[in-house]
Amino acid sequence: MNMNKFDQAVAKQLVTMDRLLTLQLEMEKIQERQKQSIGNNEGCSQLQEEIKKKKEELQKIQLEFETQTEDAIRSYQLMGSI
């Protein structure tokens, strides 16, 4: 039973890690577009807003991952106490 909870916690972490990696890749692409659009003020401000939103999303996902890590640790510790 506890092994199942641990497996579920780790599976959630893998999904979240995939989301983190995808978001980081998106941010890198936006930052590259920002470098290319220097001199185009309107384009730069739109890209800056997009980067800001992605950073906020990244922060939320990182917090979610931390919570999932704590859950996985607790599940693992419960397995050892049985």
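Each residue of the sequence shown is one higher than the one before, counting from 14 in the working numbering. Where is the CB? At the ideal position from N, CA and C, for every residue including glycine. These numbers were taken from a predicted model, which means no experiment stands behind them.
Item: When the Cβ atoms of the region 30-46 are set against those of the region 70-86, are three or more pairs found closer than 8 Å?; Value: yes
Item: When DSSP labels each residue in this structure, what does N17 get in the three-state scheme?; Value: helix
Item: At a cut of 8 Å, does the region 16-29 reach the region 83-94 through at least three beta carbon pairs?; Value: yes
Item: Kindly give me the distance between the Cβ atoms of K67 and E39, rounded to whole angstroms, as I take these residues to be in contact under 8 Å.; Value: 6 Å
Item: For M14, which residues from the same chain have a beta carbon less than 8 Å from its beta carbon, with the 5 sequence-adjacent residues on both sides left out?; Value: Reliability of the predicted coordinates at M14 is poor, the pLDDT of 49 falling under 50, and no value is obtained from them.
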